[in-house]
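**Student:**
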Amino acid sequence: MILDNQLIDGNNGIAGEVAYLPLFDFLKKREFDNSLENIIQVVATTIVMYNPHLLILTGENIKEDDLEAIQKGDLNYVPIHFMPSLKYQENCEDYYFQGLESQIIQRIQL
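Taken in order, the sequence shown gives residues 162 to 271; the numbers are from the numbering used here.
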């Protein structure tokens with residue numbers, strides 16, 4: 162998770178991992194049915210918990226064409242003035258490694 166341009170990983174590195182929230186039992190059981198409604202609920206929960214200005218979605222269960230439907234569905238849970246911009250990123254591998262590098266540098270400087 163990035164907050165104020167700082168990578169926030171929490172004590173054990175799971176900050177921002179909404180899959181660990183108890184209300185997402187379908188994720189814990191690995192029975193995620195890839196339904197748009199489940200994705201909409203995960204996105205709405207993320208918006209409410211972190212109030213981001215931008216939310217980047219990625220993964221094999223989401224396509225760029227889904228963004229409009231996700232945003233429309235989230236308006237059933239989140240008022241429009243709280244909705245962040247949604248962006249689709251097909252491959253986040255470079256960002257992942259940049260985040261790891263940033264964490265290593267931060268820990269070395271401690």
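The beta carbon of each residue, even a glycine, is placed where N, CA and C say it ideally should be.
Everything numeric in this text was worked out from a predicted model, so none of it was measured.
I need the straight-line Cα distance from Q202 to D235, nearest angstrom please.
**Tutor:** Straight-line Cα distance between these residues: approximately 7 Å.
**Student:** Hey, is the region 236 to 247 in contact with the region 199 to 219, meaning 3+ C-beta pairs nearer than 8 Å?
**Tutor:** The region 236 to 247 is in contact with the region 199 to 219.
**Student:** Write down the C-beta distance between L216 and L247 rounded to the nearest angstrom, noting that I regard them as a contact closer than 8 Å.
**Tutor:** Rounded, the Cβ-Cβ distance is 5 Å, consistent with contact.
**Student:** Three or more beta-carbon pairs under 8 Å between the region 222 to 235 and the region 259 to 269, yes or no?
**Tutor:** Flag = no, the region 222 to 235 and the region 259 to 269 do not touch.
**Student:** On the DSSP letters alone, give me the boundaries of the alpha helix (DSSP H) that K233 sits inside.
**Tutor:** Counting along the chain, the alpha helix (DSSP H) containing K233 begins and ends at 228 to 235.
**Student:** What residues in its chain sit with their C-beta under 7 Å from that of N195, if we drop five residues either side in the sequence?
**Tutor:** Contacts found: N222.
**Student:** Can you tell me whether A205 is buried or exposed, with buried defined as 16 or more other CB within 10 angstroms of its CB?
**Tutor:** By the neighbour-count rule (16 or more Cβ atoms within 10 Å), A205 is buried.
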